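*Asks:*
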Amino acid sequence: MAATDNASTAASGYVEPEVDVPALSALLDGEYAGIRDLVRKNLVKHASVLEDAEELGVDAFRERVRALVVEMAATGQTGMGFPGEYGGGGDIGASIAAFETLAHGDLSVLVKVGVQFGLFGGAILHLGTARHHDAYLPDVIAGRLMGCFAMTETGHGSDVQALGTVARYDAGTREFVITTHGDEARKDYIGNAARHGELAVVFAQLEVGGKAEGVHAFLVPIRSGGEPAPGVRIEDDGRKMGLNGVDNGRLAFDGVRVPREALLNRFADVTPDGVYESPIDNPGRRFFTMLGTLVQGRVSVAGAGVGVAEVALTIATKYAVRRRQFRASPGKEEQLLLDYGLHQRRLLPLIARTYALHFAQDVVRTRLHEVFSGITGDEQARRLLESRAAGTKALATWHATRVVQECREACGGAGYLAVNRFAALKADSDIFTTFEGDNHVLLQLVAKGLLTDYASEFEDLDQLGMVRHVTGLAVETVIEKTSVHKLLERVRDLLPGGDEWDQEAGLLDSEYQLAMLRYREEHMLAGVARRLKRGIDQKRDAGAVFSQVQDHVIALARAHVERLVLEAFTDAVRALPESGNKVALGLLCDLFALSTIEADRAWFMEHGRLTVQRSKAISREVNDLCRKVRPLAPDLVDAWGVPPEMLRAPDLVG
5 MAATDNASTA ASGYVEPEVD VPALSALLDG EYAGIRDLVR KNLVKHASVL
55 EDAEELGVDA FRERVRALVV EMAATGQTGM GFPGEYGGGG DIGASIAAFE
105 TLAHGDLSVL VKVGVQFGLF GGAILHLGTA RHHDAYLPDV IAGRLMGCFA
155 MTETGHGSDV QALGTVARYD AGTREFVITT HGDEARKDYI GNAARHGELA
205 VVFAQLEVGG KAEGVHAFLV PIRSGGEPAP GVRIEDDGRK MGLNGVDNGR
255 LAFDGVRVPR EALLNRFADV TPDGVYESPI DNPGRRFFTM LGTLVQGRVS
305 VAGAGVGVAE VALTIATKYA VRRRQFRASP GKEEQLLLDY GLHQRRLLPL
355 IARTYALHFA QDVVRTRLHE VFSGITGDEQ ARRLLESRAA GTKALATWHA
405 TRVVQECREA CGGAGYLAVN RFAALKADSD IFTTFEGDNH VLLQLVAKGL
455 LTDYASEFED LDQLGMVRHV TGLAVETVIE KTSVHKLLER VRDLLPGGDE
505 WDQEAGLLDS EYQLAMLRYR EEHMLAGVAR RLKRGIDQKR DAGAVFSQVQ
555 DHVIALARAH VERLVLEAFT DAVRALPESG NKVALGLLCD LFALSTIEAD
605 RAWFMEHGRL TVQRSKAISR EVNDLCRKVR PLAPDLVDAW GVPPEMLRAP
655 DLVG
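In my numbering, each residue carries its 1-based index in the sequence shown increased by 4.
(1) Does the distance from the CB of arginine 522 to the CB of leucine 568 come in under 7 Å?
(2) What residue from Pro635, His489, Leu352, Ser112 has the CA that sits closest to alanine 308's CA?
(3) Tell me which same chain residues have a C-beta within less than 7 Å of the C-beta of histidine 185, skipping the five on either side of it?
(4) Taking all protein chains shown into account, do 16 or more other C-beta atoms lie within 10 angstroms of the C-beta of phenylalanine 330, making it buried, or fewer, making it exposed?
(5) If you reduce the DSSP assignment to three classes, tell me which class valine 474 lands in.
(6) Relative to the alpha-carbon of lysine 49, which residue among Phe222, Ser599, Val73, Gln339 has its alpha-carbon at the smallest distance?
(7) Cα separation between leucine 447 and threonine 177?
(8) Following the continuous alpha helix (DSSP H) through lysine 537, name the residue where it begins and the one where it ends.
(9) Is alanine 356 buried or exposed, if buried means 16 or more other CB atoms sit within 10 Å of its CB?
(10) Who are the near neighbours of leucine 636 in its chain, counting only those whose CB is closer than 6 Å to its CB and skipping five residues on each side?
(11) Judging by CA-CA distance, which residue of Asp241, Asn248, Glu211, Ala197 is the nearest neighbour of alanine 233?
(12) Considering only DSSP beta bridges, list what phenylalanine 153 is partnered with.
(13) Please specify which runs of the beta strand (DSSP E), each continuous and at least 3 residues long, are wholly inside the region 593-624, giving them in chain order.
(14) Output the distance between the C-alpha atoms of glutamate 202 and alanine 139, rounded to the nearest integer angstrom.
(15) So alanine 221 and valine 205 are in contact, right, with Cβ under 8 Å, and what is the actual spacing, rounded?
(16) At 4 residues or longer, and completely inside the region 17-48: list those alpha helix (DSSP H) runs for me, N to C.
(17) Mind checking whether threonine 475 and isoleucine 540 have CB atoms under 7 Å apart?
(18) Can you tell me whether DSSP reads proline 276 as helix, strand or coil?
(19) How would you label tyrosine 420, buried or exposed, when you count the other beta carbons within 10 angstroms and need 16 or more for buried?
(20) What are the boundary residues of the alpha helix (DSSP H) that aspartate 56 is part of?
(21) My assumption, with CB atoms under 8 Å, is that glycine 159 sits in contact with alanine 208. Please give the rounded CB distance.
(22) Relative to the alpha-carbon of valine 312, which residue among Arg254, Ser433, Ala418, Leu529 has its alpha-carbon at the smallest distance?
(23) In whole angstroms, what is the alpha-carbon distance linking aspartate 258 and leucine 592?
(24) Within 8 Å, do at least three Cβ pairs link the region 276-289 to the region 125-143?
(25) Quick check on lysine 397: buried or exposed, where buried means 16 or more other Cβ atoms within 10 Å of its Cβ?
(26) With a 10 Å radius around its C-beta and 16 neighbouring C-beta atoms as the bar for buried, classify lysine 537 as buried or exposed.
(27) Does the beta-carbon of serine 514 have 16 or more other beta-carbons within 10 angstroms, so that it is buried, or is it exposed?
(28) Report the three-state DSSP secondary structure of glycine 253 (helix, strand or coil).
(29) By the 10 Å Cβ neighbour count, where 16 or more other Cβ atoms means buried, how is alanine 71 classified, buried or exposed?
(30) Could you spell out where the alpha helix (DSSP H) holding glycine 92 opens and where it closes?
(31) Under the rule that 16 or more other beta-carbon atoms within 10 Å means buried, what is glutamine 617, buried or exposed?
(32) Could you tell me the alpha carbon to alpha carbon distance between alanine 393 and valine 303, rounded to whole angstroms?
(33) If I measure Cβ to Cβ from isoleucine 483 and keep anything under 8 Å in the same chain, skipping five residues before and after, which residues do I get?
(34) Does leucine 346 pass the burial test, meaning 16 or more other C-beta atoms within 10 Å, or should it be called exposed?
(35) Is threonine 600 buried or exposed, if buried means 16 or more other CB atoms sit within 10 Å of its CB?
(36) Taking the alpha-carbon of leucine 388 as reference, which of Ala78, Arg371, Leu298, Leu399 has the nearest alpha-carbon?
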């Protein structure tokens, strides 16, 4: 840092903390340090795949990625989430941690692993029963049986309930007949379909005895002896913007017959003589229960988004403490990039947000493990998990996209060279914002849960049902049912100033920071509820009313998730013993909180929570925090544990 900066911080009584990098890495790795180390060793062992991605043709690279995935499967790192009796590790949390760490390497390998073990294998595990587990899981876990997760259709992406593929039960032969009705109903963008998949989990509308029973999942062979199975049409999606090591393709079915046992029947079954049975009577609840078991994919992608951001920021930060540009005064050495206030502003709040999302991801991973391991069994916990997973996935993947772009620019022309990884990171991670759920659609799911307080009928409510549910309640009831209202009331009691709490509290008071984000969320929630009620009171169509408030709905959901992220970060810092690491993380937590408030300062000023003077004070504080974090930045990015071989940027990182 510049001498003037050192003098000003010394005058304020601030003492720069010493970061213990190994201890911070151990904190970030948490209980899964062992599996993360295994993944890092495998990444280093196969680091040449990063060059292969650039040098091999599409077909050759697909084969390279497939071979690598099978080789990694043999080490046990990809099967951690499966039961031990089938060759897995019996630890769902560990499987997510392994996936998060794998995101430091080639993302085609990551996505191939996600398709094979998370989506395909996960569907068999969570939607199937013992007959499916016994028949398929050992080969799936070992990588001997490659498969697909065939949900998305050309004409039906996020609206899974409207899928056009049909599975009709033929009681005479005790088979299901799978049929694609037109190109709109073909399965599209399906990983493993174009080359390697032999079996697919196909989501289709079930018809039994002429009655529609909704979307169910079936195991359908798509290849036999390397060729398309009878009645199955396979097309290659071809080159994509990125992830060209993953063989995405299209599937269509022309009266393909599969035995009755092909139905993944954990939540519903069809008897041999054609009687539909399910322990869940309500069709809507049954559908969302089936989809809810697959929430693991969203949790995995959120963690991958954080991993991508860590790689990009590690490269850009290391470059910024090596590269010099322009002399501050004649006769002096050129300044390091990270000594410039603007460069600090560009990178350091992103480091803070990445740390915040890391701790938020820890919470989601833990909740997932508890729900799917049976530690927590109540329905409310499952609904909260689904909402939190959806929201964290949206914020983490948008963050990754923003970070990669900012870091590429922060490395100038050098960042444009393929060897420096930004080209691959940018091309391969961009899809994260729209797969496993389009982020805007996921945030609508988050808002729906908030507006209905995750009521027992949560799954049953479509968009119009949600509007009617909300308009049937008093706005005060909607607010008082939410946790944020109770939290805000509690925090206000802790802050000085009474009704002027937002003016009297210190900017670095974590309770003030939390109160600001909680106030924003509660106010937005009330605003959405009022607008919905007003529209219905005016006798307008419920669909039109919802459409007109969608921007408000998305803003509410983002505000809610940002509040959860700040709570997770604050809780993590408070739990630490006194140390230099606690001080350093406290600086990052303050930086995340205040830069989040600053980014939405217009809203806070419009709603009377920020004066002009206090808004300016926040910006000054953010600048001061950046100056304090600057000398710590190299240690903070080192603590993420990205193997040097994964950075691939010799001219940037040295």
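By construction, the Cβ of each residue, glycine as well, lies at the ideal position given by its N, Cα and C atoms.
All values derive from a computational prediction rather than experimental measurement.
*Replies:* To lay it out plainly:
(1) no
(2) Ser112
(3) Gly168, Val170
(4) exposed
(5) helix
(6) Val73
(7) 44 Å
(8) 514-541
(9) buried
(10) Val23, Ala588
(11) Ala197
(12) Val205
(13) none
(14) 14 Å
(15) 5 Å
(16) 25-33
(17) yes
(18) coil
(19) exposed
(20) 53-59
(21) Between alanine 208 and glycine 159 the Cβ distance is about 14 Å, and since that is not below 8 Å, they are no contact.
(22) Ser433
(23) 56 Å
(24) no
(25) buried
(26) buried
(27) buried
(28) strand
(29) exposed
(30) Per DSSP, glycine 92 belongs to no alpha helix (DSSP H) and is neither H nor E.
(31) exposed
(32) 5 Å
(33) His489, Glu526, Leu529, Ala530, Ala533
(34) exposed
(35) buried
(36) Arg371
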